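Each protein sequence line maps, in turn, to chains H and Y.
Residue numbers 187 to 324, in this note's numbering, belong to the letters of the first sequence in order.
Residue numbers 187 to 324, in this note's numbering, belong to the letters of the second sequence in order.
Number of protein chains: 2
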Amino acid sequence: MTEIEKTLENKSVRPTAMRILIYKYMAEKDIAVALTDIENAFAKADRTTLYRTLKTFEEKGIVHQIDDGTGISKYALCEPGCNCELDQDLHLHFHCGNCDETVCLTEHKIPHINLPEGYIAEDANLVIKGICEKCSGQ
Amino acid sequence: MTEIEKTLENKSVRPTAMRILIYKYMAEKDIAVALTDIENAFAKADRTTLYRTLKTFEEKGIVHQIDDGTGISKYALCEPGCNCELDQDLHLHFHCGNCDETVCLTEHKIPHINLPEGYIAEDANLVIKGICEKCSGQ
DNA sequence: ACAATAAATGCACTTCCGTTGCACTAAGAA
DNA sequence: TTCTTAGTGCAACGGAAGTGCATTTATTGT
Numbered sequence: 187m188t189e190i191e192k193t194l195e196n197k198s199v200r201p202t203a204m205r206i207l208i209y210k211y212m213a214e215k216d217i218a219v220a221l222t223d224i225e226n227a228f229a230k231a232d233r234t235t236l237y238r239t240l241k242t243f244e245e246k247g248i249v250h251q252i253d254d255g256t257g258i259s260k261y262a263l264c265e266p267g268c269n270c271e272l273d274q275d276l277h278l279h280f281h282c283g284n285c286d287e288t289v290c291l292t293e294h295k296i297p298h299i300n301l302p303e304g305y306i307a308e309d310a311n312l313v314i315k316g317i318c319e320k321c322s323g324q
Numbered sequence: 187m188t189e190i191e192k193t194l195e196n197k198s199v200r201p202t203a204m205r206i207l208i209y210k211y212m213a214e215k216d217i218a219v220a221l222t223d224i225e226n227a228f229a230k231a232d233r234t235t236l237y238r239t240l241k242t243f244e245e246k247g248i249v250h251q252i253d254d255g256t257g258i259s260k261y262a263l264c265e266p267g268c269n270c271e272l273d274q275d276l277h278l279h280f281h282c283g284n285c286d287e288t289v290c291l292t293e294h295k296i297p298h299i300n301l302p303e304g305y306i307a308e309d310a311n312l313v314i315k316g317i318c319e320k321c322s323g324q
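Below you can see the structure in the form of structure tokens.
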């Protein structure tokens, strides 16, 4: 039994062939992936399957969904200590306007914001847009 | 000539009847509005016209577009000193999960974030999700 | 091993929002 | 008035998310 299979089982997700492949695909990339990306990578599989796999992964805390402002939902694997389902790991995301890639900056947490009277914060999303490391180095 | 007409002309937007109505509608609301909201408010007008009006307003710095994470673009009038087109007025937005309304918190600016080496920030978007003033008071 | 049951996958279709092309109309300039 | 430009309306497209249902694959109990 591989590491990936163990990881999936730990999160009570049955490690089917498709799921292992998708997990592997995401693990190899260091950037957030969209459903379309996975679709292109696995042309043989049906979009619904990939869609529902991501949803399952999300529910079980294997990946977290990222809204980077492009209008396209992206997903990234949760880090070992990622508590995104508890809204306790509010790391920020960086979207590069050049290569259109989105990365998690897991080391950078969203600073605490003082809200006006009456407002109750439950979640936060911070996306920085600009030029990423790879593109600025060109 | 009304205040609104003056405002529009100052931003070099011809104050047509439709545009004045839309501006008035947005001014009366203290929350960000979606195209659909305007559509419902002006059932007689065509969606394209409303859409293009918002786009014109946005280009000319009359409104700014807001991505509140719902997947639906919203728009709010720019405040007198709002320099959103210059990315110098990075105020944050609050989205209420109860009433689904989004407000600009113009007094609250996005704090400066130190990015890793190589990353160049050009813009930022911070959305706090939770319960708004109106809904928490219930 | 077998049937019974549940989960996963694939196909077709729908909905929603944003967007564009083109024709028509109204408004400002010569 | 005529010319020109800007604004409006109609129709249609396209991408992405999401749903219902049939089929296949895997797991459980006997």
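All residues carry an ideal CB built from backbone N, CA and C; glycine is no exception.
Keep in mind it's a predicted model, so treat the numbers as computed, not measured.
Within 10 Å of its beta-carbon, does residue i have 16 or more other beta-carbons around it, so buried, or fewer, so exposed?
{"i": "H:Y237", "result": "exposed"}
{"i": "Y:H279", "result": "buried"}
{"i": "Y:K315", "result": "buried"}
{"i": "H:T239", "result": "buried"}
{"i": "Y:C282", "result": "buried"}
{"i": "H:N311", "result": "buried"}
{"i": "H:C285", "result": "exposed"}
Could you check the C-alpha separation between residue i and residue j for me, to the nearest Å?
{"i": "Y:N300", "j": "Y:L276", "result": "16 Å"}
{"i": "H:D254", "j": "Y:I208", "result": "29 Å"}
{"i": "Y:E244", "j": "H:T202", "result": "48 Å"}
{"i": "Y:T256", "j": "H:G257", "result": "9 Å"}
{"i": "H:L194", "j": "Y:Y305", "result": "33 Å"}
{"i": "Y:D232", "j": "Y:T222", "result": "11 Å"}
{"i": "H:T242", "j": "H:K197", "result": "10 Å"}
{"i": "Y:E303", "j": "H:G323", "result": "10 Å"}
{"i": "H:C268", "j": "Y:P297", "result": "23 Å"}
{"i": "Y:A218", "j": "Y:E287", "result": "7 Å"}
{"i": "Y:L263", "j": "Y:K192", "result": "15 Å"}
{"i": "H:V313", "j": "H:E214", "result": "23 Å"}
Which residues in the same chain have their Cβ closer than 7 Å to the Cβ of residue i, if we skip the five residues on either side of it in sequence?
{"i": "H:T292", "result": "E265 and H277"}
{"i": "H:K295", "result": "L276 and H277"}
{"i": "Y:A227", "result": "Y211"}
{"i": "H:T235", "result": "M204"}
Assuming residue i contacts residue j (C-beta within less than 8 Å), just tell me the rounded distance between them.
{"i": "H:C318", "j": "H:V289", "result": "7 Å"}
{"i": "H:M204", "j": "H:V249", "result": "In fact, because the Cβ distance is near 15 Å, the residues do not count as touching under 8 Å."}
{"i": "H:K246", "j": "H:V199", "result": "5 Å"}
{"i": "H:I190", "j": "H:K210", "result": "6 Å"}
Skipping 5 residues on each side, what residues in its chain have a beta carbon closer than 8 Å to that of residue i?
{"i": "Y:D216", "result": "V289"}
{"i": "H:A307", "result": "I299 and L301"}
{"i": "Y:T188", "result": "I206"}
In chain order, what residues of the same chain lie with their CB nearer than 6 Å to the CB of residue i, ignoring the 5 residues before and after it?
{"i": "Y:Q251", "result": "E244, S259 and Y261"}
{"i": "H:A220", "result": "I258 and K260"}
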